[in-house]
Structures are given as C-alpha cells and as structure tokens.
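Numbering (my numbering), first residue to last: -18 to 173.
Data block below; observations after.
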Ligand SMILES: [Zn+2]
C-alpha cells in the first residue's frame, strides 16, 4: 500500500514502532482490519515490516521498543504494539507493558479480532467476557475446591502464565500452590 502524505506527516518519516528514521517505509494494515485507510495502518521500517509480516517474534529483545509504542496516540500503532506484546507475553517486560497498557474497549477488540477469527469457535473468555490468551495472568473470582490436590484455592488467588485448553473454550490450565490444575474460565478474571 502506498504511503499517503497524511501518513508521512503522522510518522515524521520514521518507523512508528521502533522510531528509526527510514527512507523505505511501509504501510502495514493492522489485522483484522481490511480497509486500507490511514486509520487502519501503522508505518513500519524494513526490519519491523519483515519480522511482523513473517510473524517472527523469536528475537524478543528486538521488540523492547514496544514498551514505548504501546503509549502511541495513534490507534493502529497502539493496537499493533499490543498484538505483538501479547505474542511475547512470556517475557516479563512484555507482560508488564501489557498490564500497564491503556487501550480503549474498541482498541482492545481490534487487537483481539485476529486471534478470535483464527481461533474460530474456540475463544477463551473470562467471567467478564474478556478474551484470554496463553501466558495471561488471571485471578480466581470464587473459592475453588481443587480436586485431587485436597486444598481450597481462595478467591483472589493469582494464577500466572495460564495455558488455554485448545479444544475447550471453557477450560484453562494454571499452577496453584505448585499443582497444575484445570480451571473453568467462568471462575477467573484476567489480571492486570
Ligand atoms: Zn521499525
């Protein structure tokens, strides 16, 4: 997609993620938006464009600039930063940036729209309908009897780094007091 003058002004001829000045800038349409409008795209340098279009997030440290770009005043940049941080949420700094992020409801649903479309029917949501992802931290909203482990997990217990049960949208796995257990999504709230 061609970069409009409006976009060039907006990005000040630099990558909107890593802020590197560049002559070779690309307009990246942030999924799952499909209309090539300025409000739907982030302007990226060659390097960012390559990593992101190949969905290569193995070099996590490269993306540490996201802790800044998540605060962008440009919604597509904010949403794209959030999406990539979600992929890197096993990194402490990325999870911290996600926890501190201030996205509007509309920006959040944009950020989650691709994931929801990909997952089809299997979307894990917490007790309040917020979409859960691998690596999220959740809190219990009820006291739960943990079968087999013979203890009561108190309401408010923090469960870090959950796993989604891939074929059941109502179940996640998490570690409480050293035991990995299955927890029903309706009894958790996504943490922050
Ligand atoms: Zn860049």
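Glycine is no exception: its CB is placed at the ideal position from the N, C-alpha and C atoms.
Taken atom to atom, the span from the alpha-carbon of residue 23 to that of residue 43 is near 18 Å.
Taking the Cα of residue 158 as reference, the smallest distance to any Cα among 138, 172, 150 and 84 is reached at 138.
With a cut-off of 8 Å on Cβ pairs, the stretch -15 to 0 is in contact with the stretch 19 to 36, counting three or more such pairs. Spanning the alpha carbons of residue 71 and residue 78 requires a straight line of approximately 12 Å.
By the Cβ test, the stretch 83 to 90 is in contact with the stretch 53 to 62, since at least three Cβ pairs between them sit closer than 8 Å.
In this structure the stretch 117 to 130 does not touch the stretch 88 to 101; the number of beta carbon pairs closer than 8 Å is below three.
In terms of side-chain proximity, the C-beta atom of residue 61 is found no nearer than 7 Å to any non-hydrogen atom of ligand 1.
Remark: C-beta atoms of residue 107 and residue 171 approach each other more closely than 8 Å. Residue list for ligand 1: -4, -2, -1, 1, 25, 26, 28 and 29 (CB closer than 6 Å to any heavy atom, chain order). Judged by DSSP in its simplified three-state form, residue 38 adopts coil rather than helix or strand.
By the C-beta density criterion, residue 49 is exposed, having fewer than 16 other C-beta atoms within 10 angstroms. Residues 32 of the same chain have their beta carbon placed closer than 8 Å to that of residue 40, with the five preceding and five following residues left out of the count. Considered as a whole, the stretch 66 to 149 harbours 119 to 121, 125 to 127 and 132 to 134 as its complete beta strand (DSSP E) runs of no fewer than 3 residues, in chain order. Listed as beta-bridge partners of residue 159 by DSSP are no residues whatsoever. By DSSP's assignment, residue 164 forms a beta bridge with 153.
By the Cβ neighbour-count rule, residue 36 is exposed, with fewer than 16 other Cβ atoms within 10 Å of its own. The beta carbon of residue 141 sits closer than 6 Å to those of 118, all from its chain and outside the five residues before and after it, given in chain order.
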